[in-house]
Amino acid sequence: MLGRVQINNLNLIQGPLPSVENYFLFIGRGAGKNEGALVTMNQQTDLAAVLGSEDSNLKKQVAAARLNSGQNWNACVIPLAAEATWAEAVDFAVERVSVEAVVVTDPVASASELEAMQAKAESIMAKYMRPLFFIPCSRGPLPTETWGTFTAALAAITQGLACDQVNPVATVWGAELGTYAGRLANSAVTVADSPMRVATGALVGAWAERPKDKDGRILDMSVLDALDKARWSVPQWYPDYPGVYWGDGNVLDVPGGDFQTIENLRVVQKAMRSVYPLAVARIADRALNSTPASMEAAKMYFARPLREMSRSRKVLGQVFPGEIEPPADDAIGITWPTKYSVVIDMTVRPYNCPKSITCNILLDLTNYG
């Protein structure tokens, strides 16, 4: 026998995991250029050069998104031709790019359109293993409508729907959809932060003048509260506090569902994207087996996305929490239903976050003299 040396290059899957968070696809009609094309853009892009010099709702919403997104914003846009549909544009886009969300700037008019978006999100997950969600918008109030008839019309669209990957935005001022999409894509915050977060700052744009209905009634918070209860996402303001902010990012999940707010959906979808390549890399790898040592190693391996999402930082004594709590010992469960299949159960635990704050002021009249 002759001596022989073999040197193998072993890939331990320790590199950075792919990330598409904060990268949104905008789809809509009305652009004067690049119809049917997939156009990328950032803060420096000349919108008139890529979307035409004419005003359009698509251009308006993209401009509002860019204005509210802060630094390092990137997005892609497909301007629709007159005969094209958003569904066809999505099919075209997913063959070329991965995104976290699809923003449809043409208003929805019926529940069936929202259900079609849910179906499209589920089909993309089934075909490409890519979780994403849709952000559609409503039409604005008509000159012939009161606030009551407007809110009733929008409530009828979302009533009874169970679409846990659809996050509809109501249009009242006009630029809500883009403003909201930009707020979600702001890299100064995380996917775990609610768009309601006041510390993110006030909405940027023309929000000071409140719209009126046909009777001259100025928009008040009762109208926005009615839209919020109908599961449309809307702006809001606080009495005697400057600026206009945002309410909950309402998702059309069922009552009691885990994904009624957008931040819960985003953290889970981020974990799904991160764990997928790790799972693929372990297919038919006998290093993952049912021995105790392998099971413990697998728990560490599959908990990696949770550890990365849970990292916090401390600045001047203040802790800025990660996107989720650090994974506990029982955050990863592994079971073997058959000899050749394994089930990995992962628990993602968001932090508590106050959306309603009550301050009780007590008067102490005790005589300490």
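Position 72 of the sequence shown, counted from 1, bears residue number 72 in UniProt numbering, the numbering being contiguous throughout. Note that beta-carbon positions come from the ideal geometry of N, C-alpha and C, so glycine has one too.
Decide if the segment 178 to 188 is in contact with the segment 17 to 32; the criterion is three or more beta carbon pairs, one per stretch, under 8 Å apart.
yes
I'd like to check one pair, residue 173 with residue 223: are the Cβ atoms closer than 8 Å?
no
The beta strand (DSSP E) spanning residue 75 covers which residue range?
According to the DSSP assignment, residue 75 belongs to the beta strand (DSSP E) that extends over 74 to 80.
What distance in whole Å lies between the Cβ atoms of residue 232 and residue 138, which are believed to be in contact at a cut-off of 8 Å?
7 Å
Only counting the same chain, and skipping five residues up and downstream in sequence, which positions put a Cβ closer than 6 Å to that of residue 72?
Close CB contacts of residue 72 within its chain, under the 6 Å cut and outside five residues either way in sequence, are with 187 (chain order).
Look at the Cβ atom of residue 117, then the Cβ atom of residue 50, and state whether they are nearer than 8 Å.
no
Measure the CB-CB distance between residue 62 and residue 47 and report whether it falls below 8 Å.
Remark: C-beta atoms of residue 62 and residue 47 approach each other more closely than 8 Å.
On a CA-only basis, which of 284, 43, 214 and 2 is nearest residue 145? Give me that one, please.
214
Which whole-angstrom value describes the C-beta separation of residue 64 and residue 202, a residue pair presumed to lie in contact below a C-beta threshold of 8 Å?
Incorrect: roughly 14 Å between the Cβ atoms, too far for contact.
DSSP state of residue 103, grouped into three classes?
strand
If the criterion is Cβ atoms closer than 8 Å, does the pair residue 267 and residue 191 meet it?
yes
Whole-angstrom Cβ separation of residue 158 and residue 252, contact assumed at under 8 Å?
The pair is a contact, with the Cβ atoms about 6 Å apart (cut-off 8 Å).
Does the beta-carbon distance from residue 246 to residue 351 come in below 8 Å?
no
Answer with buried or exposed for residue 261, where buried requires no fewer than 16 other C-beta atoms within 10 angstroms of its C-beta.
buried
If you measure between the beta carbons of residue 76 and residue 99, is that distance less than 8 Å?
yes
Would you say residue 332 and residue 310 are within 8 Å of each other, going by their C-beta atoms?
Not closer than 8 Å, so no.
By alpha-carbon positions, which one of 196, 42 and 228 ends up nearest to residue 168?
Comparing Cα-Cα distances from residue 168 to each of 196, 42 and 228, the minimum goes to 228.
Report the three-state DSSP secondary structure of residue 361 (helix, strand or coil).
coil
Counting along the chain, where does the beta strand (DSSP E) carrying residue 245 start and finish?
241 to 246
Cα-Cα, which of 164, 131, 136 and 170 is closest to residue 150?
Among 164, 131, 136 and 170, the Cα nearest to that of residue 150 is on 170.
Does residue 207 come out as helix, strand or coil in the three-state DSSP assignment?
coil
Starting from the C-beta of residue 240, find all residues in its chain whose C-beta is less than 6 Å away, skip the five residues before and the five after it, and write them out in chain order.
Hits under 6 Å: none found.
Can you name the residues that DSSP bridges to residue 369?
DSSP, once it has assigned bridges, lists no residue as partnering residue 369.
How should residue 129 be labelled, buried or exposed, when 16 other C-beta atoms within 10 angstroms of its C-beta is the threshold for buried?
exposed
Give me the Cβ distance between residue 388 and residue 219, rounded to the nearest whole Å; I'm assuming they're in contact under 8 Å.
Because the chain here runs from 1 to 369, residue 388 falls outside it and cannot be looked at.
DSSP has residue 305 in a bridge; who is on the other side?
Per DSSP, residue 305 has no beta-bridge partner at all.
Can you give the Cα-Cα distance for residue 367 and residue 359, rounded to whole angstroms?
25 Å
Cβ atoms of residue 124 and residue 177: under 8 Å apart, would you say?
no
Tell me the rounded alpha-carbon separation between residue 126 and residue 19.
19 Å
Can you tell me which of the three DSSP states residue 173 falls into?
Residue 173 falls in the coil class under three-state DSSP.
Would residue 295 and residue 344 qualify as a contact pair, given that the criterion is a beta-carbon distance under 8 Å?
no
Per DSSP, what are the beta-bridge partners of residue 261 in this structure?
Its beta-bridge partners are 250.
Can you tell me which of 314, 101 and 106 puts its alpha carbon nearest to the alpha carbon of residue 270?
101
Can you tell me whether residue 337 is buried or exposed? The criterion is at least 16 other CB atoms within 10 Å of its CB, across all chains shown.
Taking every protein chain shown into account, the CB of residue 337 has fewer than 16 other CB atoms within 10 angstroms, so this residue is exposed.
Could you work out which residue in 91, 109, 340 and 140 is closest to residue 122 when comparing CA atoms only?
Among 91, 109, 340 and 140, the Cα nearest to that of residue 122 is on 91.
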